[in-house]
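Taking it in order: structure first as structure tokens, then the write-up.
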Amino acid sequence: MKKAILFLLLPTLLFAQDFAKHVNPFIGTGGHGHTFPGATVPYGMVQLSPDTRIDGSWDGCSGYHYDDSTIYGFSHTHLNGTGVSDYGDIMLMPTMAESSFDNKVYSSTFSHANEKASAGFYAVKLDKHNIDVRLTSSTRVGFHEYTFNKAGQANIILDLNHRDKLLEGRIRVIDDKTIEVLRRSEAWARDQYVYARIEFNVPLKVNLVKEENKENTKLEGIYKGTELALSFSKQVKKGEKILLKVSLSPTSYEGAKLNSSEIKHWDFEKVKKEAETLWNKELSKIEVTSDDKDKLAIFYTALYHTMMQPNIAQDLDGKYRGRDNQIHTAEGFDYYTVFSLWDTFRGAHPLYTLIDKKRTADYINTFIKQYEQGGRLPVWELASNETDCMIGYHSVSVIADAMAKGITGFDYEKAFEASKASAMRDVLGLEAYKKNGFISMDDEHESISKTLEYAYDDWCIAQMAQIIKNGNEVARFSKRSENWRNTFDWETGFMRPKKNGGWDKPFDPREVNNNFTEGNSWQYSFFVPQNIFGMIEAYGGPEKFEAKLDEMFNSESKTTGREQVDVTGLIGQYAHGNEPSHHMAFLYNYVGKPEKTKEKVHYILNEFYKNTPDGLIGNEDCGQMSAWYVLSAMGIYNVSPGNIEPSWSTTEPYFENIKVNFENKTSKIITKNMDLSSFGFEIIKRELFALPEKITPVPIIQAESKAFKEKLKIELKSQNANDKIYFKINNYVETLEKKSFELYNQPFEIQQNATISSYVINNNLQSNTISAQFFKKPNNYSINIKSKNNPQYHAGGPEGLLDGILGTENWRKGDWQGYQSQDFEAVVDLQEAKDITEISARFLQDQRSWIVMPTKVDYYISDDNMNFTYFGSVNNTLDPKIEENIILNFIANETNNKKARYVKVIAKNFGKLPEWHQGFGGDAFIFVDEIIIK
102 MKKAILFLLL
112 PTLLFAQDFA
122 KHVNPFIGTG
132 GHGHTFPGAT
142 VPYGMVQLSP
152 DTRIDGSWDG
162 CSGYHYDDST
172 IYGFSHTHLN
182 GTGVSDYGDI
192 MLMPTMAESS
202 FDNKVYSSTF
212 SHANEKASAG
222 FYAVKLDKHN
232 IDVRLTSSTR
242 VGFHEYTFNK
252 AGQANIILDL
262 NHRDKLLEGR
272 IRVIDDKTIE
282 VLRRSEAWAR
292 DQYVYARIEF
302 NVPLKVNLVK
312 EENKENTKLE
322 GIYKGTELAL
332 SFSKQVKKGE
342 KILLKVSLSP
352 TSYEGAKLNS
362 SEIKHWDFEK
372 VKKEAETLWN
382 KELSKIEVTS
392 DDKDKLAIFY
402 TALYHTMMQP
412 NIAQDLDGKY
422 RGRDNQIHTA
432 EGFDYYTVFS
442 LWDTFRGAHP
452 LYTLIDKKRT
462 ADYINTFIKQ
472 YEQGGRLPVW
482 ELASNETDCM
492 IGYHSVSVIA
502 DAMAKGITGF
512 DYEKAFEASK
522 ASAMRDVLGL
532 EAYKKNGFIS
542 MDDEHESISK
552 TLEYAYDDWC
562 IAQMAQIIKN
572 GNEVARFSKR
582 SENWRNTFDW
592 ETGFMRPKKN
602 GGWDKPFDPR
612 EVNNNFTEGN
622 SWQYSFFVPQ
632 NIFGMIEAYG
642 GPEKFEAKLD
652 EMFNSESKTT
662 GREQVDVTGL
672 IGQYAHGNEP
682 SHHMAFLYNY
692 VGKPEKTKEK
702 VHYILNEFYK
712 NTPDGLIGNE
722 DCGQMSAWYV
732 LSAMGIYNVS
742 PGNIEPSWST
752 TEPYFENIKV
762 NFENKTSKII
772 TKNMDLSSFG
782 FEIIKRELFA
792 LPEKITPVPI
802 IQAESKAFKE
812 KLKIELKSQN
822 ANDKIYFKIN
832 NYVETLEKKS
842 FELYNQPFEI
852 QQNATISSYV
862 INNNLQSNTI
872 SAQFFKKPNN
882 YSINIKSKNN
892 PQYHAGGPEG
902 LLDGILGTEN
912 WRKGDWQGYQ
922 SQDFEAVVDL
932 QEAKDITEIS
942 ARFLQDQRSW
952 IVMPTKVDYY
962 ISDDNMNFTY
972 FGSVNNTLDP
982 KIEENIILNF
992 IANETNNKKA
1002 RYVKVIAKNF
1012 GKLPEWHQGF
1022 GGDAFIFVDE
1032 IIIK
């Protein structure tokens, strides 16, 4: 009998442990963590939190920053640690006395001394009117308690123009205790729908309205427009409370009403307790013990941060808004949103495969529905919108990892179909990637990062193909997964950008530029998780690879090039504050140096995670920064998610006692000396298709420049001594079809426009065929540029402004020269006096990137390069607020021919960015490409 009683008590004791007490929601709210401190439950639809920043600034992405002292209101949706601003839906703010919709008036100062936060709970005192605010939530309902410590008129402001652009607002007053709201908005998600039902515990009356109703229709109790706010008021006694419940739905008013049934009472403490219970249930999946309270706070807050998203995005009856903007019903799974996959495929999703297999299957079923309803798998999906933020098609990593670990509950064949569809598109450099085996700067910006990440994703698809026994696709995608070799410069030992068939010059591996995604070559040169031992071999073997890792960690902790706010937490060139570096410390394991992995991992655990508001070294990024901590503290990390033979890369655990409680009611204890390589999953024996031989890397077509005056030397190079290089020249006299490839023996010269095509054969394996185009300049002009360009935006040097090669709207490909905080001035030498009838210069605008048209362009001419006379001026006519990338040609004509040898061009810089611009106060760029003189 005693044994039976003990057995019955065990589950109760497990959940009775208070893991939630260790959570400090303020971790990451300072510095660049971008987290928020408000009330939410695991994976909940509602994130009810204060908003202290409403300007869309980078450090205000979550709506809250610990440095602030003003609260504008409490909204019901927030993003956890992103680098782009959105959400902040259904904002409510209690005030007293006269109502106002000026947020400078209805906002209030606050003090951190009067602010509290815990898992599922937030409280603060608003100083302006001495109002105490307490917040908690269920999955779909936010619960507010306002205590008015003064007698008088209490107001509750509902401002739908808070933060985002309001596309459509509707408020319907059902009665004096109930209203319905639609907020359709545009920000990062271009068309977001939020329906809400707001219930008050006491009657309130509408006492002020702001409404811009373009339809000019008035219906009693219904308000609508793109400018919309209401104030609700009531006379209160000192100490009186007003309670609110706000239920959300992505589908309809009916959905919001249904979801409101999650909380059928007005007992705040009960809801708070239920939220804590939900958190304890989830946090109890990993039990750690320590005498160090800060370590416990850091660990359980990290675990908490991994569980704040993805967010449930369906009503209680399963209805959700699909990627086609239609309403569907989830059957047999739960539908989620907020998939920051470029970040989370690395650590967060592997963590979910360990402790949350059910939700992992739900996420993949969500991916499949988004493919069926939106045409493709998510990249960075937010509120049923594809933001197309970041790169790769990393849904496939999540899918492959789940399949490899035997997680079921989704259609493997359909998941493979969707994955293959993503890989076979012809966008974002994929067309060139498929054709050439790599992406060049000429094809697409961020070319190195995209090539490397596409290659990894292709390997994930090959792993899926192994599991579903599709041999043809195993061969196809395994071959594509080796495309990383086409970006590896064997001479410098770095992944290096290519331009027009050759290596881009000059090259600095520390430089953060548009050839990499939020990083530099150091931070991408170790990203071959699909073939780590092949990467080690390419570097020259284990010793040289170890030396390269050492060099990275021991280099100067300073990057060059663009100032990239994401590149933080530097240890040499390792940047823990951004995701591409997260696996690197574990690479020492692959060269037999686990002690170096332990040294680096434990240093990061100790130094880059603190129990303070500024306790994260970089953006939280929807749980990835914290997932790294959770996994590494357990002594495991998944360097190669998706591997058909899954294994953790391991190190010494950070805690003495770690226990993992799995969904199947079993538990496992981690000890310091145990083998953790297969911890938490069973190795599945499978018959595997043989893999194709490794690819032969493409040759290098090297020349001094793309354009030349008289003749140009061409040199072809390849990686291996026994390679045979073949080439042919198309000089536009003979067509490519008529020319045949010949064996390359030595450099050669060209004297006219030409296309060089080349491939390599090694051991009967032929590389992809690549091409490079070279142009004989249409003139012999020279140019003297008086201004100093930004080193990243050089377009191949001064002659690039006269070469007849015109840059496109995608300036990130490197064909434009950029000048910041200065006018552009240059003098063109025509080499002899000529009749001039027209002078023009092309400029580009991308105001979101601080590139703005010059205010005007002046042209002058001279015979002696000292005394210039006026030729003409062209004023800018393009609105600087236009968001599209636009090219304008500033043309000055002269009806009477004027003769001169020298032409001066002066383009006036826009100056400081205005108040409406996100970079207000910063210095604008001028981007110029071609000067044409007729």
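Sequential numbering from 102 applies to the sequence shown in my numbering. A virtual CB, placed ideally from N, CA and C, is assigned to each residue, including glycine.
Check	Outcome
Cross-strand partners of P151 (DSSP beta bridge)	F175
Spatial distance of I155 from K266 (CA atoms)	12 Å
Exposed unless 16 or more other CB atoms sit within 10 angstroms - verdict on T698	buried
Close Cβ partners of M596 (< 7 Å) along its chain, the five nearest in sequence each way excluded	I549, L553, T588, F589, S622, Y625 and S626
7 Å Cβ cutoff met for P754 and G736	yes
Residue range of the alpha helix (DSSP H) that includes G908	No alpha helix (DSSP H) holds G908; DSSP gives it neither H nor E.
A533 versus F809 - alpha carbon distance	26 Å
Contacting residues, own chain, Cβ-Cβ under 7 Å from R663 (five flanking each side not counted)	V613, N614 and Q893
Cβ neighbours of E313 in the same chain (closer than 8 Å, five flanking residues each side left out)	G326, T327, E328 and L329
Proximity winner among N865, L817 and I862, relative to E850 (alpha-carbon distances)	L817
Sub-7 Å separation of A505 and P747 beta-carbons	yes
Residue range of the unbroken alpha helix (DSSP H) whose run includes R460	K458 to G475
Cβ pair count under 8 Å reaching 3, the stretch 370-390 against the stretch 510-524	no
Coil, strand or helix - F646 by DSSP	helix
D395 to K371 span [Cα, whole Å]	29 Å
Complete runs of the alpha helix (DSSP H) confined to the stretch 537-618 [at least 4 residues]	548-568 and 572-581
Assigned secondary structure, H1005 (DSSP; H/G/I helix, E/B strand, else coil)	The sequence given here places Lys at residue 1005; His does not occur at that position. Strand at K1005.
Runs of beta strand (DSSP E) lying entirely within the stretch 233-313, each at least 3 residues, in chain order	242-249, 253-260, 266-276, 279-287, 293-301 and 306-312
Per DSSP, cross-strand counterpart(s) of V225	E216 and V234
Beta-carbon proximity check, G356 vs D416, cutoff 7 Å	yes
Residue burial classification, P742 (beta-carbon count within 10 angstroms, cutoff 16)	buried
Segment contact, 8 Å Cβ cut-off, at least three pairs: the stretch 913-924 with the stretch 976-987	no
Residue closest to G719, alpha-carbon to alpha-carbon, out of W912, G189 and G670	G670
Collapsed DSSP secondary structure at Q725 in the structure displayed	helix
Endpoints, alpha helix (DSSP H) assigned at V692	Note, V692: premise wrong, no alpha helix (DSSP H); not H, not E.
Rounded distance between the beta-carbons of D558 and A524, thought under 8 Å	7 Å
S520, enclosing alpha helix (DSSP H) - first and last residue	Y513 to A524
T171 versus L180, H179 and G161, residue with shortest Cα-Cα distance	G161
Nearest-angstrom Cα separation, counted from G243 out to E984	36 Å
C-alpha distance - V1029 paired with T660, whole-angstrom precision	26 Å
Contact under 7 Å by Cβ, N412 with Y144	yes
Coil, strand or helix - K339 by DSSP	coil
Alpha-carbon spacing of D824 relative to S859, whole angstroms	12 Å
Spatially closest choice to L149 from E246, P793 and D776, by CA coordinates	E246
Endpoints, the beta strand (DSSP E) within which I940 is located	F925 to Q946
Top-ranked residue by Cα proximity to P351, from D292, K342 and K386	D292
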